[in-house]
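Protein chains in written order, with my numbering: chain A, 76 to 566; chain B, 34 to 454.
Structure record follows, encoded as structure tokens.
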Amino acid sequence: MVYDVAVIGAGVSGASTAWRLSRYQLHTVLLEWRSDVGFGVSKANSGIIHAGFHHQLSTLKARLEIRGNLMFEALQHELGFPFRRTGILVAAFSREEMATVHKLYEQGIANGVPGMEMCGRERLLQLEKKLNPEVIGGCFAPGGGTIEPYRYVFSLVESATRNGVCLKCDFEVAEASRAEDVWRIRSSSGAEVRARYVVNAAGLFADRVSGIFGAEEFTIHPRKGEEYLLDRSSAARPERVVFPVPGAHSKGVLVIPTVEGTTMIGPTSDAVDDKFDTAASAEQMQRILSHVRNLIPGVSPRDLITSFAGLRPVMDNEDFYIALSEKAPAFVQVAGIQSPGLTASPAIGEYVKDLLKSAGLPLLEKVHFAVELAPRHEVRHESPAALDRLHSGNPAWTHIVCRCEKISEAEIVEAVRKGHTTLDGVKFYTRAGMGRCQGGFCAARIMRIISRETGIPMEELTKKGGNSRLAAGRLGDLPVNTAEVRGGEGA
Amino acid sequence: MIQEEKYEVAVIGAGAAGLCAATVCASAGRNTLVVDREEHPGGILRQCIHSGFGLRYFKEELTGPEYAERVAEKAERAGVRFRFGTTVVSIRRETDGALCLTSLSTAEGVRIIRADAVILAMGCRERTRGNLAVPGSRPAGVFTAGAAQRLLNIEGILPGKKAVIAGSGDIGLIMARRLTWAGIRVEAVVEIMPYPAGLTRNIVQCLDDFHIPLLLEHSLVNILGHGRVEAVEVAPLSRGVPVTERKFRIDCDTVLFSVGLIPENELSAEAGVELNPATGGPLVDSSYETGVPGIFACGNVLHVHDLVDFVSEEAEHAARMVLRRLDGSDGGSGQFPVRAESNLKYVVPNRFLPGCGTRFAFRSLIVCDDGVLEAEQNGKILLSKRFSCVRPAEMLTLEVPGSLLKEPGELKFRLRKGEEI
Numbered sequence: 076m077v078y079d080v081a082v083i084g085a086g087v088s089g090a091s092t093a094w095r096l097s098r099y100q101l102h103t104v105l106l107e108w109r110s111d112v113g114f115g116v117s118k119a120n121s122g123i124i125h126a127g128f129h130h131q132l133s134t135l136k137a138r139l140e141i142r143g144n145l146m147f148e149a150l151q152h153e154l155g156f157p158f159r160r161t162g163i164l165v166a167a168f169s170r171e172e173m174a175t176v177h178k179l180y181e182q183g184i185a186n187g188v189p190g191m192e193m194c195g196r197e198r199l200l201q202l203e204k205k206l207n208p209e210v211i212g213g214c215f216a217p218g219g220g221t222i223e224p225y226r227y228v229f230s231l232v233e234s235a236t237r238n239g240v241c242l243k244c245d246f247e248v249a250e251a252s253r254a255e256d257v258w259r260i261r262s263s264s265g266a267e268v269r270a271r272y273v274v275n276a277a278g279l280f281a282d283r284v285s286g287i288f289g290a291e292e293f294t295i296h297p298r299k300g301e302e303y304l305l306d307r308s309s310a311a312r313p314e315r316v317v318f319p320v321p322g323a324h325s326k327g328v329l330v331i332p333t334v335e336g337t338t339m340i341g342p343t344s345d346a347v348d349d350k351f352d353t354a355a356s357a358e359q360m361q362r363i364l365s366h367v368r369n370l371i372p373g374v375s376p377r378d379l380i381t382s383f384a385g386l387r388p389v390m391d392n393e394d395f396y397i398a399l400s401e402k403a404p405a406f407v408q409v410a411g412i413q414s415p416g417l418t419a420s421p422a423i424g425e426y427v428k429d430l431l432k433s434a435g436l437p438l439l440e441k442v443h444f445a446v447e448l449a450p451r452h453e454v455r456h457e458s459p460a461a462l463d464r465l466h467s468g469n470p471a472w473t474h475i476v477c478r479c480e481k482i483s484e485a486e487i488v489e490a491v492r493k494g495h496t497t498l499d500g501v502k503f504y505t506r507a508g509m510g511r512c513q514g515g516f517c518a519a520r521i522m523r524i525i526s527r528e529t530g531i532p533m534e535e536l537t538k539k540g541g542n543s544r545l546a547a548g549r550l551g552d553l554p555v556n557t558a559e560v561r562g563g564e565g566a
Numbered sequence: 034m035i036q037e038e039k040y041e042v043a044v045i046g047a048g049a050a051g052l053c054a055a056t057v058c059a060s061a062g063r064n065t066l067v068v069d070r071e072e073h074p075g076g077i078l079r080q081c082i083h084s085g086f087g088l089r090y091f092k093e094e095l096t097g098p099e100y101a102e103r104v105a106e107k108a109e110r111a112g113v114r115f116r117f118g119t120t121v122v123s124i125r126r127e128t129d130g131a132l133c134l135t136s137l138s139t140a141e142g143v144r145i146i147r148a149d150a151v152i153l154a155m156g157c158r159e160r161t162r163g164n165l166a167v168p169g170s171r172p173a174g175v176f177t178a179g180a181a182q183r184l185l186n187i188e189g190i191l192p193g194k195k196a197v198i199a200g201s202g203d204i205g206l207i208m209a210r211r212l213t214w215a216g217i218r219v220e221a222v223v224e225i226m227p228y229p230a231g232l233t234r235n236i237v238q239c240l241d242d243f244h245i246p247l248l249l250e251h252s253l254v255n256i257l258g259h260g261r262v263e264a265v266e267v268a269p270l271s272r273g274v275p276v277t278e279r280k281f282r283i284d285c286d287t288v289l290f291s292v293g294l295i296p297e298n299e300l301s302a303e304a305g306v307e308l309n310p311a312t313g314g315p316l317v318d319s320s321y322e323t324g325v326p327g328i329f330a331c332g333n334v335l336h337v338h339d340l341v342d343f344v345s346e347e348a349e350h351a352a353r354m355v356l357r358r359l360d361g362s363d364g365g366s367g368q369f370p371v372r373a374e375s376n377l378k379y380v381v382p383n384r385f386l387p388g389c390g391t392r393f394a395f396r397s398l399i400v401c402d403d404g405v406l407e408a409e410q411n412g413k414i415l416l417s418k419r420f421s422c423v424r425p426a427e428m429l430t431l432e433v434p435g436s437l438l439k440e441p442g443e444l445k446f447r448l449r450k451g452e453e454i
């Protein structure tokens, strides 16, 4: 078949675009080269819904950020992902920093950021009790918040696929050609998809995909951000997202109360060469710690449960590049979606839809469009009485598999049946393995459930697809060096 | 409708501590329930298929599963009731003082369990790579030693083909041998301290016998690999800091972390139990009662033991104290503080009752072959004991008879090297 639109990349931008298109009478295919959606740039996002005061309105990213921010209540209502408007505050510790805060405040007012407020020391400490009392002032934007970015992507894709979008994972675009107004897209494993319009939302690899389609030449620069996660018992968890006064290229290292009750510190911001370099380093951890302890002195390395790093896809001019290609026909570029891309994503989907329309894609609304996802039950949010009722329908609801995050077998089975068949897929869909023991107790149990549900032998399961095999085989598969073992016994 | 049950004693955890404590309570005629999230009794012992257990408690050498089976049989014979596949999600103390557990299980859904006394015996969990913030990428093939042990011994799955073990804790050492026996090559065990974290006998039997190098004063400074681990980088330490110019690469597909255990007390903390930062376990008085009346603790949830035999002994002692409380004796009032001073990481219990003999357990902060442990009260040395082998890895114990503990006042313990005398 010939699809009307092929969206390349199932991160926030691609997922939001596919979701937006799913309400029209279109055949849309979403192509993702990894094994699950949101597993690239989006997975390692800080999960901030920015308030809209960090960038000048002359940039596309600021305009989409402000529009996107306002769309999240409706989205959450429809899709049910974890999101909370905690408010964002910026804390200044010197008169120079206060001067920058004034500029941010004025920029926020000019951008129309709702409720933007200049704060003195007392007001800031009233807004955030964990803040370093040496703070001298700052600003506050109540409309900022936090979200679970991967859950957001999962919900967008789930709603999109329920409304007819076809998702193809493990599809790495390798070649493209165009004949009779149709793009022929071939994957590296020889699969083929045909579509009239193509949206390039390939994140870090948007430059490569653009080249494959003979579109504009540009370079995506990866900029690394390392993050550290603190246990939910950490006394340092703030009520609001706490920002320092920003530097030239980043919004600084912050303290983030995640929607799910943990605390995240980071990110750093460093240009790297390798688009696969998501390693964390000891130096950056020390840097993050010293920065955030200046904001919230209670942050302690004792509370660390894990670290991760993500790469921002950055264009030379630092702005988003969302436009119809001038070289390749029926091809939309969605590139350079760095911060505030997550915040802007709902508006990006809308913007891309309008670009496609302007390029001649007919948009007829569907008569039957079921946007809302059924609410998900989660043991950690249910009352004992509600859990008892769930148990009478399905006893797996009261079988706790992940003790740290209280995730039941029923939740894990649901994730697997929805196509999340890797350990990380289950982890990001359910939180199983995300807590303080980091899967030490539950990984083997989850592997057993995935294996049971999919029929894939346990030893063939992967952490995140590709060559990330979790095991090397079954006991007895490897030859034992008997000489060495016997030598041992004789010693 | 949520069903409720009532017991005199509810024990959380069916490892060695829970089983031994429950046996004592049930033998005394108390209606005793043990709840465990697993389907079988024994806790972590079930995956410890090596021998070396029970030399002290059973006077013979047993494997982990054998030890578990014996203590489970004793509990069954004593009339302990069991609830397996059941996770306790909260402990609450009602306004009338009754203790109330909420449990979840496939078989029974949500159950409320009321008890006059609760014994915490949930054991511990392993410290992870994330706790230490070990740098590098996050590929598949990074396990805690215990998780790898479970994969291999319970699931029959090979975690990898070529491994490096970070940390020389006992589970890591045991796993070095276990991996070798499964055909997995162990390239090295890397330890940041100048001495091993595990028992000496495990160094000999699990590393030396198999010519596995132990790199003391070395640190794992990087994990490489995208899909699966490809290599690690290791650097020698100078005054605790990695000398990165001298770092070297070891190719491997698996990294095991054996870098310490953390008593698992989230449930206890939510119930209002105050924890000791030095142990990670509850602060207890000489009855092993926590700060919440009626809640007791023993085994690895209280402090990490080196031998299961000590866990069993401590659990039995704690259970006898529970029985005394059920028989109507007073709680912790009238008790005096106990403090660990120089060269000791901690002491358990943290309070004592005058006139009541108590066994104290300690962890040393120093390594020496002639150490003297002293108990001092009101400026007087009450007791001292010599130890020929003092290691942070090996627990020290000291019985202080009631005849010496007659007076009120803070009791202090300290450890010094013998040659200082």
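All residues carry an ideal CB built from backbone N, CA and C; glycine is no exception.
For a test of the three-state rule: what should DSSP assign to Thr-323 (chain B), helix, strand or coil? Coil at Thr-323 (chain B), not helix or strand.
If you follow the beta strand (DSSP E) that Glu-432 (chain B) is part of, which residue opens it and which one closes it? 429-433
Proximal chain B residues relative to Pro-224 (chain A), where beta-carbon distance stays under 8 Å: Neighbours of Pro-224 (chain A) on chain B: none; closest Cβ ~17 Å, over 8 Å.
Closer than 8 Å to chain B by CB, His-466 (chain A): True, the Cβ-Cβ gap to chain B drops below 8 Å.
Listed in chain order, which residues of the segment 378-395 of chain A have Cβ atoms closer than 8 Å to some Cβ of chain B? Leu-379, Ile-380, Thr-381, Ser-382 and Phe-383
Residues that DSSP places opposite Glu-267 (chain A) in a beta bridge: A:Arg-261
Could you pull out every unbroken alpha helix (DSSP H) segment of at least 4 residues lying fully inside the segment 173-220 of chain A, listed in chain order? 196-202
Tell me the DSSP bridge mates of Cys-133 (chain B)? In DSSP, Cys-133 (chain B) forms a bridge with B:Arg-125 and B:Arg-147.
So if DSSP puts Gly-404 (chain B) in a beta bridge, which residue, or which two residues, is it bridged to? B:Phe-420 and B:Lys-450
Is the Cβ of Leu-132 (chain B) closer than 8 Å to any Cβ of chain A? no
Once the 5 residues before and after Cys-239 (chain B) are set aside, which same chain residues still bring their CB inside 7 Å of it? Leu-206, Ile-207, Ala-209 and Arg-210
What are the residues of the segment 348-374 of chain A that lie near chain B, defined by any Cβ-Cβ distance shorter than 7 Å? Those residues of the segment 348-374 of chain A that come within reach of chain B (Cβ to Cβ, closer than 7 Å) are Phe-351, Thr-353, Ala-354, Ala-355, Ser-356, Ala-357 and Met-360.
Does any residue of chain A have a CB that is nearer than 8 Å to the CB of Ile-454 (chain B)? No answer about Ile-454 (chain B) holds up, because its pLDDT of 46 lies below 50 and its placement is not dependable.
Restricting to Cα atoms, I'd like to know which of B:Leu-415, B:Leu-165, B:Gly-51 and B:Ala-311 is closest to Ala-154 (chain B). B:Gly-51
Opposite Ile-295 (chain B) in the DSSP bridges: which residues? In the DSSP assignment, Ile-295 (chain B) forms a beta bridge with B:Arg-158.
8 Å contact criterion, which Asn-542 (chain A) and Gly-169 (chain B) should meet: CB distance rounded: About 17 Å; that fails the 8 Å criterion.
Taking only three categories from DSSP, how would you classify Asn-542 (chain A)? coil
Does DSSP classify Gly-468 (chain A) as helix, strand or coil? helix
Which listed residue (A:Val-268, A:Thr-338 and A:Ser-169) has its alpha carbon closest to that of Ser-121 (chain A): Here the closest residue by C-alpha is A:Thr-338.
Assigned exposure category for His-474 (chain A) - 16 Cβ within 10 Å defines buried: buried
Per-residue contacts from Lys-194 (chain B) into chain A (C-beta, under 9 Å): Neighbours of Lys-194 (chain B) on chain A, chain order: Ala-547, Gly-548 and Leu-553.
Can you tell me which of A:Thr-496, A:Lys-538 and A:Arg-283 puts its alpha carbon nearest to the alpha carbon of Ile-531 (chain A)? A:Thr-496
Do you know offhand how far Ile-141 (chain A)'s Cα is from Val-188 (chain A)'s? 7 Å
Near Val-262 (chain B), which residues of its chain fall below 8 Å by C-beta distance, leaving aside the five closest residues on each side in sequence? Pro-172, Ala-173, Gly-174, Val-175, Gly-193, Ile-256, Cys-285, Asp-286, Thr-287 and Val-288
With a floor of 4 residues, list each alpha helix (DSSP H) that falls wholly inside the segment 409-460 of chain A, ordered by position along the chain. 416-433
Any chain A beta carbon closer than 8 Å to Val-288 (chain B): Not a single C-beta of chain A is nearer than 8 Å to the C-beta of Val-288 (chain B).
Only counting the same chain, and skipping five residues up and downstream in sequence, which positions put a Cβ closer than 7 Å to that of Glu-374 (chain B)? Lys-445, Phe-446 and Arg-447
If we call anything under 8 Å between Cβ atoms a contact, is Leu-370 (chain A) one with Pro-332 (chain A)? no
Short of 7 Å in beta carbon distance, which residues of its chain neighbour Ser-252 (chain A), apart from the five on each side in sequence? Order them along the chain. Arg-259
What does a CB cutoff of less than 6 Å around Arg-269 (chain A) pick up in its chain, not counting 5 residues either side in sequence? Val-77, Val-257 and Arg-259
Residues of chain A with CB under 7 Å from Gly-189 (chain B), in chain order? Under a criterion of Cβ atoms nearer than 7 Å, the residues of chain A adjacent to Gly-189 (chain B) are, in order, Arg-549 and Leu-550.
So, is the C-beta of His-259 (chain B) closer than 8 Å to a C-beta in chain A? yes
Limits of the alpha helix (DSSP H) - the one that His-251 (chain B) falls within: Looking at the DSSP string, His-251 (chain B) is not in any alpha helix (DSSP H); the run it does join, the beta strand (DSSP E), is 251-257.
What's the gap between the Cα of Ser-397 (chain B) and the Cα of Thr-233 (chain B)? 15 Å
Cutoff 8 Å: Thr-473 (chain A) Cβ touching any chain B Cβ: yes
Could you check what DSSP says for Phe-246 (chain A) in three-state terms: helix, strand or coil? coil
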